[in-house]
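Enquirer: Going line by line, the protein sequences match chains Z, P and E. Under the working numbering, residues 1 to 300 are what the first sequence spells out, in order. Under the working numbering, residues 1 to 338 are what the second sequence spells out, in order. Under the working numbering, residues 1 to 313 are what the third sequence spells out, in order.
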Amino acid sequence: MSLQETIAVAPIAETLHRARAGRSYWARVRERLLADPVTMTFATLLLIIVAMALAAPLIATYDPTSGSAFARLKSPGYAGHWLGTDEVGRDLWSRILYGGRLTLLCGVAPVAFALLVGGSLGLVAGYRGGLVNSFIMRSMDVLYAFPSILLAIAICGMLGSGVGNTILALTVTFIPPIVRISETITTQVRSFEFVEAARASGAPSASIIRFHILNNVLGPILVYATSLISISIILAAGLSFLGLGVTPPNAEWGLMLNNLRQAIWVNPLVAALPGVMIFMTSMCFNLMSDGLRSAMDVRL
Amino acid sequence: MSADTLLEVRNLKRYFPIRGGLLQRQVATVQAVDDISFDVRRGETLGIVGESGCGKSTTARLLIRLLEPDDGTVAFDGRAVATSDGIPVRELRRHVQMVFQDSYSSLNPRCSVEDTIAYGPSVHGLAWEAAKARVREILAKVGLDPALFAARYPHELSGGQRQRVNIARALALEPKLLVLDEPVSALDKSVEAQVLNLLVDLKRDLALTYVFISHDLNVVQYMSDRVLVMYLGKVVEYGPVESIYANPRHPYTRALLGAMPSMDPDRRGEHATLTGDPPNPINPPPGCRFHTRCPYAEPCCAAAEPRLAADASVSAHYTACHMLVPGSGHSAAPRIAA
Amino acid sequence: MWFFIARRVLYAVPILLGASLVVFVLMKMVPGDAADVLIPPEAGKEVADMIRARFGLDQPIHIQYLLWLRAMASGDLGVSIFTNQPVAEELFAALVNTLKLALPAVFLGFSLGVLFGALAAYYHATWLDKLFSGFAITGVSLPHYWVGMVLVAIFAVVFNVLPGQGMGPEGFPSSWEQVKHLILPVVTLSLIPMGVVSRLVRANVLEIRSMEFVSALAAKGLTGRRVLLHIMKNAAPSALALMGLQFGYLLAGSILVETVFNWPGSGSLMNLAIFRRDIPVLSATILVLAAIFVAINILVDVLQALIDPRMRR
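(1) So what does DSSP say about A55/Z, is it helix, strand or coil?
(2) Hey, which unbroken runs of the alpha helix (DSSP H) at 4 residues or more fall wholly within the segment 32-116 of chain Z?
(3) Under 8 Å by Cβ, that's how I've got I167/Z and G118/Z pegged, so tell me the actual separation to the nearest angstrom.
(4) Are the C-beta of F261/E and some C-beta of chain Z separated by less than 7 Å?
(5) Name the DSSP bridge partner or partners of I36/P?
(6) Is DSSP giving V211/P helix, strand or coil here?
(7) Are there 16 or more other CB atoms within 10 angstroms of the CB of W128/P, so buried, or fewer, so exposed?
(8) Which residue marks the beginning of the alpha helix (DSSP H) containing T45/P, and which one marks its end?
(9) Within its chain, find whatever has a CB closer than 7 Å to the CB of R339/P; leave out the 5 residues flanking it on each side and keep chain order.
(10) So, at 6 Å on beta carbons, what are the nonlocal neighbours of P306/P in its own chain, with the 5 sequence-adjacent residues on each side left out?
(11) Please check if any C-beta of chain E sits within less than 7 Å of the C-beta of M52/Z.
(12) Is the closest heavy atom of the ligand ADP to the C-beta of F42/Z under 6 Å?
(13) When the distance is taken between beta carbons, is G78/E closer than 7 Å to P280/E?
(14) Under DSSP, the beta strand (DSSP E) around L178/P begins and ends at which residues?
(15) Which residues in chain Z have a C-beta closer than 7 Å to the C-beta of I15/E? List them in chain order.
(16) Which residues of chain Z have a Cβ atom closer than 9 Å to the Cβ of M153/E, listed in chain order?
(17) Can a CB atom of chain Z be found closer than 7 Å to the CB of V87/E?
(18) Can you list, in chain order, the residues of its chain whose CB lies under 6 Å from that of I208/Z, leaving out five sequence neighbours each side?
(19) Does the beta carbon of I274/E sit closer than 7 Å to a beta carbon anywhere in chain Z?
(20) Using CA atoms only, rank isn't needed, just tell me which of A56/Z, D290/Z and A272/Z is closest to I85/Z.
(21) In three-state terms, what does DSSP make of R313/E?
(22) Name the two residues that bound the continuous alpha helix (DSSP H) containing E242/P.
(23) So, with DSSP's three-state summary, where would you put L300/Z?
(24) Please report how far the alpha carbon of M211/E lies from the alpha carbon of L299/E, in whole angstroms.
(25) Output needed for S331/P: all residues of its chain with C-beta closer than 7 Å, excluding positions within five of it in sequence on either side, in chain order.
(26) Secondary structure at P261/P, three-state DSSP: helix, strand or coil?
(27) Do P176/Z and L143/Z have their C-beta atoms closer together than 7 Å?
(28) Does any CB atom of chain Z fall closer than 7 Å to the CB of Y145/E?
(29) In the segment 108-142 of chain E, which residues sit with their C-beta less than 8 Å from some C-beta in chain Z, listed in chain order?
(30) If contact means a Cβ-Cβ distance below 9 Å, which residues of the segment 270-296 of chain Z contact chain P?
(31) For S214/P, which residues in chain Z fall below 9 Å Cβ to Cβ?
(32) Between G143/P and chain Z, is any beta-carbon pair separated by less than 7 Å?
(33) Against chain P, which members of the segment 200-211 of chain Z pass a CB distance test of less than 7 Å?
(34) Among the residues of its own chain, which have a CB less than 7 Å from the CB of R313/E, if the five just before and after it don't count?
(35) Could you name the residues of chain Z that S185/P contacts, counting a contact when the two beta carbons are closer than 9 Å?
(36) Do you know how far the Cα of I307/E is from the Cα of W2/E?
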C-alpha cells in the first residue's frame with residue numbers, strides 16, 4: 001500500500017478499532033471458538049450424543065433391561081433391532097442410549113464436583129500461602145502417591161460398586177490434580193500488581209478472590225477440566241468393565257463392554273460397539289479441550 | 001509533630017528471611033529497609049531515589065501497609081497507623097493510595113477500565129451505579145473520554161492510557177496522599193512528559209500530597225520539592241531538591257548526579273564515578289554501607305554507621321556521612337570548634 | 001545437590017505413611033464386619049471372639065493400624081483369606097508378570113510418542129502435523145481395554161495369528177511362543193504413553209523452537225536436523241520424566257488390560273481379590289503398588305535434577 005493510501009485508510013481503521021473496542025476476554029474466546037471448524041464439529045457431535053442420551057426414553061425402541069433368550073447376539077438389522085442384540089438378547093440400540101446417560105453422568109459429575117471442591121481448595125491454598133498452603137498441598141501429595149486408576153479401584157473395591165461409589169471414587173481421584181493447577185495459577189495471579197492494587201484499596205480477601213482472581217483462574221481450569229472429563233469417561237467405563245462401577249442390569253457402556261467380552265468370539269461387531277461410543281465421546285471432550293485452550297491463548 | 005506533617009515515618013524496618021538447607025531454616029536476612037525515618041509535609045512532593053535494590057519499592061509498600069513493618073512507626077495526620085488508638089488500616093486505605101508502574105500485570109486483563117476503577121469505591125460501600133458515575137468523573141479528570149474508554153480492556157489501551165487508568169484507580173477513593181512507585185519508568189519519553197504534567201495538574205487541582213519514587217534523577221528533580229536518597233535500605237541524604245541537586249553532600253548522591261547523562265559537552269565525565277559492584281543486600285557491609293564503593297572511605301567508615309545529621313549551612317539538608325560529622329575520626333571531618 | 005536428594009527421599013516417608021493411612025481407612029470402611037468373612041455362621045460366641053483376637057480385630061483401631069503398618073513395613077503382607085497363602089509370594093510373582101508387560105509397553109509407547117511428537121512439531125502446521133497429532137489424541141481418547149478387545153477380535157478371532165488370552169509359558173520371554181503372547185497386550189498398553197508423550201513432546205518442541213537461542217543457532221548456520229538435535233536435548237528432561245511416570249502408571253494401572261487378556265499379573269490379582277472380597281490381598285497389593293509409584297516418582301525427580309540444571313534448588 002502506498003503512503004497516501006495508508007493515510008486515507010487510517011481513520012477508517014481507527015473507527016473500526018473503536019467500534020470493536022470493549023470486547024471482554026470471554027467474548028473474544030467465544031468468537032475464536034465459533035470460528036474454529038474442528039472444535040465446532042466435535043462440539044456438535046458431542047451435543048448430538050448428549051441429546052440422544054437425554055432423549056433415551058423417547059427414542060429407545062425396546063426396554064433396555066429385558067432380553068430374550070432367542071435373540072442373543074444378533075447382528076444389526078435383526079427384527080427391528082437397529083444395532084443388534086447383546087448376549088442376553090437385549091436391544092443394543094436402547095442399551096446404548098440408556099447406557100450413555102450413566103456413562104455421561106459418571107464422566108461429568110465427578111469432574112464437576114472435583115472442580116468445586118478442588119478449585120476452592122486450590123484457591124484458598126494459593127491465596128493464603130504459608131501453613132494453610134502447606135497443609136492442603138501436602139495432603140494432596142498423599143493422594144498423589146496413588147496412580148489415578150489405582151485410587152479409583154481402591155475406593156470402589158473397598159466400598160463396593162454402584163453409581164454413587166463410582167462418582168465418589170472418581171471425584172476423590174480428580175481432586176488432587178485440580179487443586180494443584182488451581183493453586184499454581186492462584187499463586188501466580190496473586191503476585192500480579194492488580195491484586196496488590198486491590199488489596200491496597202482495602203478490599204477483603206473474599207472480595208478480591210471473587211472479583212479479580214477467579215476470572216483469571218477459571219480459564220485454564222476449565223481447559224483442564226474438559227480434558228479430565230474425557231479421562232473420567234474412560235475411567236468410569238473402565239470401572240464398570242471391571243465390575244466395580246455400574247451394576248447389572250443397568251446399561252452403561254463400560255459394563256456392556258464387559259458383558260460382551262466373551263461375545264467377541266461370536267459376533268465381534270456387536271461386541272465392539274459400546275467401545276466406539278466411549279471413544280467418540282472421549283474424543284469429543286478432548287478436542288473441545290484443545291480448542292478451548294487455543295481459543296483462550298489470546299495474545300493480550 | 002506539626003500540623004503541617006501528613007505522614008511521619010520513624011525507624012521503619014523490614015527484613016525478609018532467606019531459607020535454605022535441609023530443613024529450610026532461615027539462613028540469612030535481606031535487610032530491605034533498615035531504620036529509616038522521614039516526614040512528608042502536606043501538599044509537597046517527596047521524591048525517593050536510589051538504585052535497584054535500595055529498598056524504594058519496599059518502603060512504598062510499607063507506607064500503604066501492603067507489607068507490615070518489622071519495627072518502627074508510621075503516623076498519618078497525627079494518628080499512628082494500625083495501633084489500638086490510632087487509625088485502622090482499612091481507614092488508612094481511604095487516605096493513602098498507590099500508583100503502580102505500568103506493567104503487564106498492573107491491570108486485570110479480564111476487567112474493563114470501568115470495573116477496575118469502580119472496584120475500590122464499591123468495596124468501601126458505594127453502590128455500583130454510584131461507583132460507575134464516579135468512574136466517569138475521574139476518567140475525565142485524567143484526560144480519558146469516558147464514552148470511549150470506560151468499556152475498554154487493558155489490551156485495548158496504549159501505555160500512556162494504561163497509566164492514566166492506574167492513576168484514576170488510585171484517585172477513585174479520593175485519597176489525600178498518593179505513593180507513586182516508578183509511575184513513568186515504563187513509558188516512552190514523550191508519553192512520560194504528558195503523564196508527569198497530568199500528575200502536576202492533578203496535585204494542584206485536588207490538593208494532593210505525593211511520595212514520588214523513581215530511579216530517574218531528572219524526573220525526580222522535575223517533580224519533587226524535597227528528595228530522599230536511599231542506599232541499601234538506609235537514607236543517606238535528605239533535603240530540599242534545589243539544595244541536593246546543586247550541592248550534594250553524600251559521596252553516593254554526588255556519584256549518582258555525576259552519572260546523569262547530559263547533552264552539555266562541558267559536563268562530560270572522564271571516568272566512572274562509582275566503582276565496584278553494588279553489594280549484596282543480604283550481607284550489607286559493616287558500618288557505613290557505602291564504604292566499599294566510596295572514594296573517600298577510611299577505617300572509621302567500616303567501624304561505625306553514620307547518622308543523619310543536619311548540614312551546618314543549610315539546616316533542612318541532612319546527610320549521613322562521617323566526613324561531615326565533627327569528631328567522627330574521618331580525616332575530612334570538620335574540626336570540633338575549640 | 002545431595003541435600004535435594006536426601007530431602008526428596010525423606011519426604012517420601014510421610015507420604016507413604018499417609019498413603020498407608022488411606023488404605024487402612026478404606027479397609028475399615030468396607031461394608032460389613034471384617035470378621036464376618038472369616039467366622040463361620042454357626043460358630044458360637046467363643047469361637048467368634050477367638051477368631052477376632054487372632055486377626056487382631058478386638059484391639060482399638062489405632063493399635064490395629066500400627067500393628068498392620070508394622071507388618072507391612074517388615075514384609076509380612078498378610079495372608080490371603082481364600083488361599084491361606086502369604087500374600088507376598090503371590091504378589092511378587094504377579095508383579096514380575098506385570099513387569100513383562102509394562103517395560104516393553106513403556107519403551108514402545110515412549111519411542112513412538114517421541115517420534116510422533118517430534119515429527120508433528122517439525123512439520124508444524126502442515127497436514128503431517130495434523131496426522132500425528134491425530135494419532136496422539138486418538139491414543140489418549142481410546143479406552144485401551146476396548147482396543148485390546150478389538151485387537152483380539154482381529155488377530156485372534158478373525159485371522160487367528162496371535163493368541164488372545166493368557167501369558168503362555170513361564171519365565172523370561174525368549175521363545176517365540178512366549179513373545180507371541182506378549183505382542184497384543186503390550187501394543188494395547190503402549191497406547192496411553194504414546195498419546196501422552198507425543199502431545200508433550202510436540203508442545204515442548206514447539207515452545208523451544210520459538211525461543212531465541214534456536215534462532216541464534218540457525219543464524220550461526222546450523223541446518224534443520226542439527227538444530228532439531230539441540231531442541232531435542234532441551235526437550236529431553238521433561239519427556240524422560242514423563243516416561244518414568246507413565247511406567248509407574250502402567251505398572252499400577254495395567255489391571256484393565258490384564259483383565260482383557262487374562263494376563264496373570266498384579267492387576268488380575270487385584271481383580272480376583274475384589275471379586276472374592278479378599279481384603280488382605282487387595283489392601284496389600286494397593287499399598288505395594290503405591291509404594292512403587294512413590295519410589296518411581298522420587299527416581300524421576302532425582303534424574304530430572306541431575307539432567308536439568310534448572311531443577312536443582
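All C-beta atoms, glycine included, are put in the ideal place defined by N, C-alpha and C. Note that the structure is a prediction, hence the values are computed from the model and not measured.
Expert: For this structure:
(1) Start at 1 with the first residue of the first sequence, and residue 55/Z comes out as number 55. Coil at A55/Z, not helix or strand.
(2) 37-54 and 56-59
(3) The count along the first sequence starts at 1 and reaches residue 167/Z at position 167. The count along the first sequence starts at 1 and reaches residue 118/Z at position 118. Rounded, the Cβ-Cβ distance is 15 Å, inconsistent with contact.
(4) Here the question's residue 261/E lines up with position 261 in the third sequence. Judged by the 7 Å Cβ criterion, F261/E is not in contact with chain Z.
(5) Here residue 36/P is taken as the residue at index 36 of the second sequence, counted from 1. DSSP, once it has assigned bridges, lists L12/P as partnering I36/P.
(6) For the purposes of this step, residue 211/P is taken as the residue at position 211 of the second sequence. In the structure shown, V211/P sits in a strand (DSSP, three-state: E or B).
(7) Within the second sequence, numbered from 1, the residue matching residue 128/P stands at position 128. W128/P should be labelled exposed.
(8) Residue numbering aside, residue 45/P sits at position 45 when the second sequence is read from its first letter. Taken as a continuous stretch (DSSP letters only), T45/P belongs to no alpha helix (DSSP H), being part of the beta strand (DSSP E) at T45 to V49.
(9) With chain P running from 1 to 338 in the structure shown, residue 339/P is simply not present.
(10) As a first step, residue 306/P is located in the second sequence; it is residue number 306 there, counting from the start. Excluding residues within five positions, the ones whose Cβ falls inside 6 Å are C288, A320, C321 and H322.
(11) Sequence index remark: in the first sequence, residue 52/Z carries index 52 (1-based). False, the Cβ-Cβ gap to chain E never drops below 7 Å.
(12) This structure lacks the ligand ADP, and indeed carries no ligand of any kind.
(13) The sequence position of residue 280/E within the third sequence is 280, counting from 1. The sequence position of residue 78/E within the third sequence is 78, counting from 1. A contact, by the Cβ cut-off of 7 Å.
(14) Along the second sequence, read from residue 1 onward, the residue named residue 178/P stands at position 178. L178/P -> beta strand (DSSP E) spans L177 to D181.
(15) By 1-based counting over the third sequence, the position of residue 15/E is 15. By Cβ distance, chain Z contributes D141, V142 and A145.
(16) Numbered from 1 along the third sequence, position 153 holds the residue referred to as residue 153/E. Here residue 153/E is Ala; the residue named in the question, Met, does not match the sequence. Within 9 Å Cβ-Cβ: I264, W265, P268, L269, A271 and A272.
(17) In the third sequence, the residue the question calls residue 87/E occupies position 87. With 7 Å as the cut-off, V87/E does not count as an interface residue toward chain Z.
(18) What you label residue 208/Z is simply residue 208 of the first sequence in a count that begins at 1. Contacts found: A198.
(19) Position 274 of the third sequence, counted from the start, is the residue given in the question as residue 274/E. Interface residue, yes.
(20) Taking the first residue of the first sequence as 1, we reach residue 85/Z at position 85. The sequence shown places Thr at residue 85/Z, rather than the Ile named in the question. Among A56/Z, D290/Z and A272/Z, the Cα nearest to that of T85/Z is on A272/Z.
(21) For the purposes of this step, residue 313/E is taken as the residue at position 313 of the third sequence. For R313/E, the predicted model reports a pLDDT of 44, less than 50, meaning its position is unreliable; a value from the coordinates is still stated below. Three-state result, R313/E: coil.
(22) In the second sequence, counting from the first residue as 1, residue 242/P sits at position 242. Where E242/P is concerned, the enclosing alpha helix (DSSP H) stretches over V241 to A246.
(23) Here residue 300/Z refers to the residue found at position 300 when the first sequence is read from its first residue. Only weak support exists for where L300/Z lies, its pLDDT of 45 falling under 50; the coordinates are left without a value.
(24) On the third sequence, position 211 is the one that residue 211/E refers to. On the third sequence, position 299 is the one that residue 299/E refers to. Cα to Cα, the separation comes out at about 29 Å.
(25) Here residue 331/P refers to the residue found at position 331 when the second sequence is read from its first residue. E298.
(26) On the second sequence, position 261 is the one that residue 261/P refers to. Of the three classes helix, strand and coil, the one that applies to P261/P here is coil, per DSSP.
(27) To locate residue 176/Z, count along the first sequence from 1; it is residue 176. To locate residue 143/Z, count along the first sequence from 1; it is residue 143. Going by C-beta atoms, P176/Z is nearer than 7 Å to L143/Z.
(28) Here residue 145/E is taken as the residue at index 145 of the third sequence, counted from 1. Yes, Y145/E counts as interfacial toward chain Z.
(29) I137, T138, V140, S141 and L142
(30) none
(31) The count along the second sequence starts at 1 and reaches residue 214/P at position 214. Within 9 Å Cβ-Cβ: nothing; S214/P doesn't reach chain Z, min ~17 Å.
(32) Here residue 143/P refers to the residue found at position 143 of the second sequence. No, G143/P does not count as interfacial toward chain Z.
(33) A200, S201, G202, A203, S207 and F211
(34) Numbered from its first residue, the third sequence carries residue 313/E at position 313. With a pLDDT of only 44 at R313/E, under the threshold of 50, the placement of this residue in the model should not be trusted; the figure read from the coordinates follows. The answer, listed in chain order, is F4.
(35) Position 185 of the second sequence, counted from the start, is the residue given in the question as residue 185/P. Those within 9 Å of S185/P in chain Z number zero; the least Cβ separation is about 13 Å.
(36) Translated into positions along the third sequence, residue 2/E becomes position 2. Translated into positions along the third sequence, residue 307/E becomes position 307. Rounded to the nearest angstrom, the two C-alpha atoms are 14 Å apart.
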